[in-house]
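S.K.:
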Amino acid sequence: MNLKNGIILFILVLLITSCDQKNFYFEQVNRINNSWGDNDFKTFKFPVKQKDSKFTLYFVLRNNNDYKYSNIYFFTQFTSPQGEMITDTLEYQLAYPDGRWTGFGMGEVKQNTLVYKENIQLADTGIYKVSVGQAMREKKLIGLEDISLMVEKN
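In the working numbering, each residue carries its 1-based index in the sequence shown increased by 60.
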């Protein structure tokens with residue numbers, strides 16, 4: 061990621077976190093750097109301090125024009141503090157039928173905010189873990205910059 065993209069990402073994160081008081085957690089540490097391996101799971105951890113809290117979880121994915129698909133499939137694992145695991149296979153659209161990207165952004169990098177789990181009630185306090193991997197049947201998936209997890213308290 062070049063300096064210009066890094067500055068733009070920092071400003072976007074700052075705007076997202078400062079404008080929305082419901083934003084509970086945001087982590088962008090999982091850089092893909094234009095090549096995401098098929099066994100490379102990106103992992104995020106977030107704390108829940110109040111029992112029976114409701115949240116919506118989002119993946120924030122940034123792609124560039126090298127991405128050659130109109131959609132993306134993810135394998136996900138959601139793990140509770142007690143070790144209970146829920147696995148899913150998810151599909152998200154990243155382009156319209158006419159080829160335009162669905163995300164926003166200036167230049168060739170587009171950002172999509174993708175709902176992962178909506179209005180879920182987390183019964184226990186502690187550290188929750190979310191892992192996500194690409195499921196596109198490619199050894200190395202080209203055209204993705206980074207993926208983030210955003211947790212919004214409802």
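Positions of the beta carbon are idealized from the N, C-alpha and C atoms, including for glycine. Treat the numbers as computed from the prediction; the structure is a model and nothing was measured.
Is it the case that the segment 98-118 contacts the segment 186-194, given that we only count it when at least three CB pairs across the two stretches are under 8 Å?
M.R.: With the cut-off at 8 Å, the segment 186-194 and the segment 98-118 touch.
S.K.: Exposed or buried, which one is aspartate 206 when buried takes at least 16 other CB atoms within 10 Å?
M.R.: Classification of aspartate 206: buried, given that the 10 Å Cβ count is 16 or more.
S.K.: Do tyrosine 176 and leucine 182 count as a contact pair if the criterion is CB distance below 8 Å?
M.R.: The answer is no: Cβ separation not under 8 Å.
S.K.: Report the option in Arg91, Lys200, Leu204 whose CA atom is closest to the CA atom of glycine 97.
M.R.: Minimum Cα distance to glycine 97 is reached at Lys200.
S.K.: Identify the residues that DSSP records as bridge partners of threonine 149: which are they?
M.R.: According to DSSP, which records beta bridges pairwise, threonine 149 is partnered with Phe135.
S.K.: What's the gap between the Cα of phenylalanine 84 and the Cα of leucine 121?
M.R.: Answer to the nearest angstrom: the Cα atoms are 18 Å apart.
S.K.: Are asparagine 123 and glycine 203 touching if we call contact CB-CB under 8 Å?
M.R.: Cβ distance < 8 Å, so asparagine 123 and glycine 203 count as in contact.
S.K.: Can you list, in chain order, the residues of its chain whose CB lies under 7 Å from that of aspartate 112, leaving out five sequence neighbours each side?
M.R.: Here the set comprises Gln181, Ala183.
S.K.: How is tyrosine 127 classed by DSSP in three states: helix, strand or coil?
M.R.: Of the three classes helix, strand and coil, the one that applies to tyrosine 127 here is coil, per DSSP.
S.K.: Indicate whether tyrosine 225 and isoleucine 132 have their beta-carbon atoms separated by less than 8 Å.
M.R.: This structure does not reach residue 225, given that the chain is present from 61 up to 214, and the question cannot be answered.
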